[in-house]
Amino acid sequence: MTALAVDTLATPSVDIAIEHVDLWYGANHVLRDVSLRIEPGEFFAFLGPSGCGKTTLLRLIAGFNPVDRGRILIAGRDVSGLPPWKRDVGMVFQSYALWPHMTVEQNVAFGLEERRLPRQEIEKRVAAALDLVGLGGLEKRRPGQLSGGQQQRVALARTIVVAPKVLLLDEPLSNLDAKLRGDVRRELRELQQRLGLTAIFVTHDQEEANTICDRIAVMKDGTVQQVGAPTALYDAPRNLFVAGFLGTTNILDGRVVRDGAAAAFETAAGTIPLPAGALRAGDPPPGAKLVFRPHHAILSRPDAPLAEGRARIPGTIRFKEFLGATERYGIAVPGDSAGETEVSVDLGHGTAPEGLAPGTAVAIDIATDRLHVLGE
Ligand SMILES: Nc1ncnc2c1ncn2[C@@H]1O[C@H](COP(=O)(O)OP(=O)(O)OP(=O)(O)O)[C@@H](O)[C@H]1O
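When we follow our numbering, the leftmost residue of the sequence shown carries the number 4, and every step to the right adds one.
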């Protein structure tokens, strides 16, 4: 990635505002009053399960579909009524959508030729784009003579060659194998930063969103559930959906009981005192549950003393899985009328007490400052 190539294609960073956007496909209300602000030069993700509306929202920003209600602003300019080519956006698709009969060079030059740029300018920009994605030397190949990762780079080069202000990426890495995905996403991040692009990445893969993006909007059923940096969403999820979607989460049924200023959560496995921060302002919603992450608990012998700052529930080991750096224990704890509930506890490899075989009775000692009480 040479400085000259960066200079050729860099653009000033812009912000994006999505204001009260609604969209219907027939009777299907696909986006529901979505509002978001994406900062200049930010790498932002739309993360959520299949069908939640991520791609639809990205296509609205690109201009492939009109909004039914609300508006979209890029750099303060309302682009809601503009066609895609007047929005300064570039989009990379999951399928790459390359022209099979054209060479790499011709694929990348295509958008510039349509814009009737001078030949010299086209050559300069194509060389810069190919340099930026690390494809120098493959100019004369056709897509069929390239690996999946190389084709993906051509698609990226073709998008950045027009020097868009906004880069929209619709699951661009999903056709690559795991090792290549990791490499390409680091390159993508570096490229985005060097060019100062505001980028939006659509994915249903939380690891991908966590590793590449500054902030994430977690979506469900056409609504934004929470927006934040990956660590903020992981450590302080707003509701059970966000907690469950980002990483493994233990969820215990029960109810909040109060005694003056103190509060506790009563479960079938025992009553767990709650720290002040576990309850959000006001009363928890009906049906709220107690939530904690697998690595926020440790396992002890049932007769071991309980350390300060921990709450204990009893359990019986069901299984143990070796995950590499950690070991995951699946533990049955007393549940409500439905019987037992399973809790996961992750311990550093080699740090577990001796003799934790399946069937062993253990104490699950949960760090109380990591407890959350969350509703739907
Ligand atoms: N062209 C279309 N016509 C009618 N309904 C559509 C169309 N495109 C998408 N939908 C519907 O809109 C909803 C949102 O689809 P969208 O593709 O935005 O979801 P997504 O979150 O990107 O999902 P995925 O991860 O599976 O791509 C779904 O219910 C889908 O069936």
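C-beta: ideal position from N, C-alpha, C; glycine also.
Original post:
Roughly how many angstroms separate the alpha carbons of E357 and Y237, rounded to a whole number?
Top reply: 31 Å
**OP:** For ligand 1, enumerate in chain order all residues having a CB closer than 6 Å to any of its heavy atoms.
**Re:** Y28, N31, V33, G51, S53, G54, C55, G56, K57, T58, T59, H207
**OP:** With DSSP as the reference, label L26 as helix, strand or coil.
**Re:** strand
Subject >> Contact check, A78 vs L171, beta carbons under 9 Å >> reply: no
**OP:** Determine the DSSP secondary structure at F67, reduced to helix, strand or coil.
**Re:** In the structure shown, F67 sits in coil (DSSP, three-state: anything other than H, G, I, E or B).
Subject >> Same chain, Cβ closer than 6 Å to P297, neighbours up to 5 away in sequence not counted >> reply: T251, S347, V348, D349
Original post:
So what does DSSP say about Y99, is it helix, strand or coil?
Top reply: coil
Subject >> Which of helix, strand or coil DSSP assigns to E343 >> reply: strand
Original post:
Taking contact to mean at least 3 C-beta pairs separated by less than 8 Å, is the region 120–135 in contact with the region 172–187?
Top reply: no
Subject >> Other residues of its chain near A13: CB distance less than 6 Å, five sequence neighbours each side excluded >> reply: Contacts found: L198, G199.
Original post:
Is it a yes or a no for the region 45–61 touching the region 200–218, going by three-plus beta-carbon pairs under 8 Å?
Top reply: yes
**OP:** Count the other C-beta atoms from every protein chain shown that fall within 10 angstroms of the C-beta of F325, then say buried if there are 16 or more, exposed otherwise.
**Re:** exposed
Subject >> Cβ neighbours of L377 in the same chain (closer than 7 Å, five flanking residues each side left out) >> reply: P240, N242, L243, A246, A291, K292, V294
Original post:
For N178, does the three-state DSSP call read helix, strand or coil?
Top reply: Three-state DSSP puts N178 in coil, outside helix and strand.
**OP:** Please report the residue range of the beta strand (DSSP E) in which L34 lies.
**Re:** 31–41
**OP:** Kindly identify the DSSP beta-bridge partner or partners of G273.
**Re:** T270
Subject >> Rounded C-alpha distance that separates D262 from G338 >> reply: 24 Å
Original post:
Where do the N-terminal and C-terminal ends of the alpha helix (DSSP H) with N213 fall, by residue?
Top reply: Per DSSP, N213 is one residue of the alpha helix (DSSP H) stretching across 209–215.
Original post:
N31: buried (16+ other C-beta within 10 angstroms of its C-beta) or exposed?
Top reply: With fewer than 16 other Cβ atoms within 10 Å, it is exposed.
**OP:** Could you spell out where the alpha helix (DSSP H) holding A8 opens and where it closes?
**Re:** DSSP places A8 in the uninterrupted alpha helix (DSSP H) bounded by 6–12.
Subject >> Nearest to A272 (by Cα), restricted to the options R258, A265, A328, T226 >> reply: R258
Subject >> 7 Å CB neighbourhood of S38 in its chain, flanking five on each side removed >> reply: Once the five neighbours on either side are set aside, the close Cβ partners of S38 are I21, E22, H23.
**OP:** Please classify G225: is it buried, with 16 or more other beta-carbons within 10 angstroms of its beta-carbon, or exposed?
**Re:** Buried is the call here.
**OP:** Use the C-beta contact count for H375: other C-beta atoms within 10 angstroms, 16 or more gives buried, fewer gives exposed.
**Re:** buried
**OP:** Decide if Q196 is buried, meaning its Cβ has at least 16 other Cβ atoms within 10 Å, or exposed.
**Re:** exposed
Subject >> Reference E343, options D256, L282, L176, closest by Cα >> reply: Residue D256 is the option with its Cα nearest to E343.
Subject >> Per DSSP, the bridge partner or partners of G56 >> reply: None; G56 has no bridge partner.
Original post:
Using CA coordinates, which residue listed in Q229, R313, R218, A355 is at the minimum distance from I41?
Top reply: R218
Original post:
For Q229, does the count of other Cβ atoms within 10 angstroms reach 16, so buried, or fall short, so exposed?
Top reply: buried
Subject >> Endpoints, the alpha helix (DSSP H) within which L134 is located >> reply: The amino acid at residue 134 is misidentified as Leu; the sequence shows Asp. Here the alpha helix (DSSP H) through D134 covers 122–135.
Original post:
To the nearest angstrom, how far is it from the Cα of A328 to the Cα of G351?
Top reply: Taking the straight line joining both Cα atoms gives about 6 Å.
Subject >> Backbone CA spacing between V336 and A364 [nearest angstrom] >> reply: 10 Å
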